[in-house]
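Which chain is which? The protein sequence lines are A and S, in order.
According to this note's numbering, the first sequence is numbered sequentially starting from 79.
According to this note's numbering, the second sequence is numbered sequentially starting from 37.
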Amino acid sequence: MIIKLNGQDYKTEKQTLSELLSELAILPEHVAVELNLRIIKRADLPTQTLKEGDTVEIINFVGGGNY
Amino acid sequence: MQEDKLIIKGIEFKSRLWIGTGKYKDFDETAKAVEASGSDVVTVAVRRVNITDRKSPNLLDYIDPKKYKILPNTAGCYTVEDALRYSRLAREAGVSDMIKLEVIGDDKTLFPDNIGLLKATEILAKEGFIVFPYTNDDPIIAKRLEDAGAAAVMPLGAPIGSGLGIRNPYNIKIILEAAKVPIIVDAGVGTASDATVAMELGCDAVLINTAIAGAKDPISMAKAMKYAVIAGRLAFKAGRIPKKLYATASSPLEGMLI
């Protein structure tokens, strides 16, 4: 299926957000995941399933001060 | 000297100098500057994970969240909706409820949109966030933010990245007089003396990014800021002498030869 991942089309066969994160080699600690504008709690990542056309945002902290 | 700790909503801050982590050459320099500053609070931005280059380093590999308090910010947000979204994501990604709230009004001045800021502060405080709103040096909005549930108010000394120093110390003084929450100067500091001025006025802390990251030698400037903040705080606590137009001799006249 094709999902929108961080603003780009992304092809994956992974069924859950947890699996998607491990496919991307991202540790769930220190990231937050949003599925179709809804924040998914870390504990719910293993059970949250994906479907065609979903919009997924994965964010982390980067250097920044103001603005 | 007796203990002079800054405590906000039960969180104890060892340092009155808070550090921004933007604009450094690399994470190694960021970490060294933070270390040299003696600060235990670093502010960070919330951005998309780099999906295409998974080998790119992570800031938190250099700034240990066990050692430093991570203060996420909503830098870059121009609307209440965006600021709320970034705040909630930050809370999920992080380890605390603290948020340095920015709702920017204009990309030339980077002055805050205080109407949006007030609204977002109110909503986030109700959601249990510890909100640190970045605002103008305006005493009325500072009070309104406090009433809306801000844990501390962060007035600017001058526009972000301008290095102009504390442009309106009188307003900062008025803000301080009325405030029941800590006041932390955020933005505008250009060099060490600016940080000292902010602290001498009675501010509870100062947040600095560009003045350190943009200095020719960021590590040395970080160290300079550390001492500047300590000096300013001590001077404030010590109580300065009043300014006078004419001289007052500091040596006794008694025992002079004539």
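Heads up, the beta-carbon is just placed ideally off N, CA and C, and yes, glycines get one too.
Per the coordinates, the alpha-carbon of Leu105 (chain A) lies some 29 Å from the alpha-carbon of Ala249 (chain S). Taking the beta carbon of Thr171 (chain S) as reference, no residue of chain A falls within 9 Å; the closest one sits roughly 12 Å away.
Residues of chain A with a Cβ closer than 9 Å to the Cβ of Tyr60 (chain S) are, in chain order, Gly141. Relative to Val139 (chain S), the option among S:Thr171, S:Leu160 and S:Leu125 whose CA is nearest is S:Thr171. In summary, the residues of the region 215 to 240 of chain S whose CB is separated from some CB of chain A by less than 9 Å are Asp222 and Ala223, in the order they occur in the chain. Against Gly164 (chain S), chain A offers no close residue; the least beta-carbon distance is about 15 Å (beta-carbon pairs closer than 7 Å). Per DSSP, Pro205 (chain S) is not a residue of any beta strand (DSSP E); the alpha helix (DSSP H) it occupies stretches across Pro205 to Ala214.
In the structure shown, the three-state DSSP call for Asp222 (chain S) is strand.
In this structure, the alpha-carbon of Thr66 (chain S) lies about 57 Å from that of Glu290 (chain S). If you draw a straight line from the Cα of Glu107 (chain A) to the Cα of Thr94 (chain A), it is about 17 Å long. Gly224 (chain S) sits buried, since 16 or more C-beta atoms from the chains shown fall within 10 Å of its C-beta. Exclusion of the five residues before and after Ala110 (chain A) leaves Ile137 as the residues of its chain whose Cβ lies within less than 6 Å of its Cβ. Using beta-carbon distances, Gly56 (chain S) counts as an interface residue toward chain A, with a partner under 8 Å.
Asp173 (chain S) places its beta carbon less than 8 Å from that of Ile208 (chain S). Counting only Cβ-Cβ distances below 9 Å, Ala110 (chain A) has contacts in chain S at Val82, Arg124, Leu125, Ala126, Arg127, Glu128, Ala129 and Gly130, in chain order. Gly143 (chain A) is positioned such that its CB atom lies closer than 8 Å to that of Thr246 (chain S). Excluding sequence positions up to five before and after Lys136 (chain S), its CB lies within less than 6 Å of the CB of Thr79, Leu107, Asn109 and Phe168, all in the same chain and listed in chain order.
Below 8 Å, enough C-beta pairs join the region 255 to 272 of chain S and the region 45 to 64 of chain S to call them touching: three or more.
Under the 8 Å criterion on CB atoms, Lys82 (chain A) is classed as non-interfacial with respect to chain S.
Sequence-distant partners of Val265 (chain S) (beyond 5 residues in either direction) whose C-beta falls short of 7 Å from its own C-beta, in its chain, are Arg52, Leu53, Ala231, Met235 and Val242.
Annotation: the continuous beta strand (DSSP E) that includes Lys105 (chain S) extends over Lys105 to Asn109. For the pair of segments examined, the region 121 to 130 of chain A was found not to touch the region 209 to 220 of chain S: the number of CB pairs separated by less than 8 Å stays below three.
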